[in-house]
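In the UniProt record's numbering, the protein residues as written are 1 to 139.
Just so you know, even glycine gets a beta-carbon here, dropped at the ideal spot from N, CA and C.
To start, the structure itself, in structure tokens.
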């Protein structure tokens, strides 16, 4: 599983007409350095070291922008939205997500192949399968 690189993410921002800011680069750098999904609180704690008083509004506005531009992927764990850099979409796959540390493992097989017959006559635009549990380090 290959995640998007920092320079790719910054390039997407520029190509879509969004302004480069040091905060945006620092947000993307945070996700580039961590393994797995992280919360807005994790990001706030990290950025607060450099940008004291940074608001959740700033955090969420940028997280949602990056999600809308497909720079970040989201999932929900225990009722809270978590974010990570998007995977390189060259290879179709799904994820196992550790509920404790947020680490992910790619799942190469796709259950949709077995489910297609249940959706005869339907037009499926997209799908996402996630398996939740504990990774070997957290188990």
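Taking the Cβ atom as the reference point for each residue, do residue 69 and residue 84 lie within a distance shorter than 8 Å? Start at 1 with the first residue of the chain shown, and residue 69 comes out as number 69. Start at 1 with the first residue of the chain shown, and residue 84 comes out as number 84. No, the Cβ-Cβ distance between residue 69 and residue 84 is not below 8 Å.
From 93, 15, 46 and 47, residue whose alpha carbon lies closest to that of residue 129: One-based indexing of the chain shown puts residue 129 at position 129. Considering only alpha carbons, the answer is 93.
Exposed unless 16 or more other CB atoms sit within 10 angstroms - verdict on residue 104: Taking the chain shown and counting its residues from 1, one reaches residue 104 at position 104. Buried, by the Cβ-count rule.
Integer-rounded CB distance, given that residue 98 should sit under 8 Å from residue 135: The count along the chain shown starts at 1 and reaches residue 135 at position 135. The count along the chain shown starts at 1 and reaches residue 98 at position 98. The pair is a contact, with the Cβ atoms about 4 Å apart (cut-off 8 Å).
Where does residue 192 land, buried or exposed, given buried means 16+ other C-beta within 10 angstroms? This structure gives no information on residue 192, because the portion of the chain shown stretches from 1 to 139.
Shortest alpha-carbon distance to residue 124 belongs to which of 133, 112, 131 and 132? As a first step, residue 124 must be located in the chain shown, where it is residue number 124. Of the listed residues, the one whose Cα sits closest to residue 124 is 112.
So, for residue 43: in the same chain, excluding its five sequence neighbours on each side, which residues have a beta-carbon less than 7 Å away from its beta-carbon? Within the chain shown, residue 43 is the residue found at index 43, counting from 1. Once the five neighbours on either side are set aside, the close Cβ partners of residue 43 are 27, 30 and 59.
Among the candidates 119, 80 and 20, whose CA atom is the shortest distance from the CA of residue 66? By one-based count along the chain shown, residue 66 stands at place 66. Of 119, 80 and 20, the residue nearest in Cα terms is 20.
If you run the structure through DSSP and keep just helix, strand and coil, what is residue 6? Within the chain shown, numbered from 1, the residue matching residue 6 stands at position 6. Helix at residue 6.
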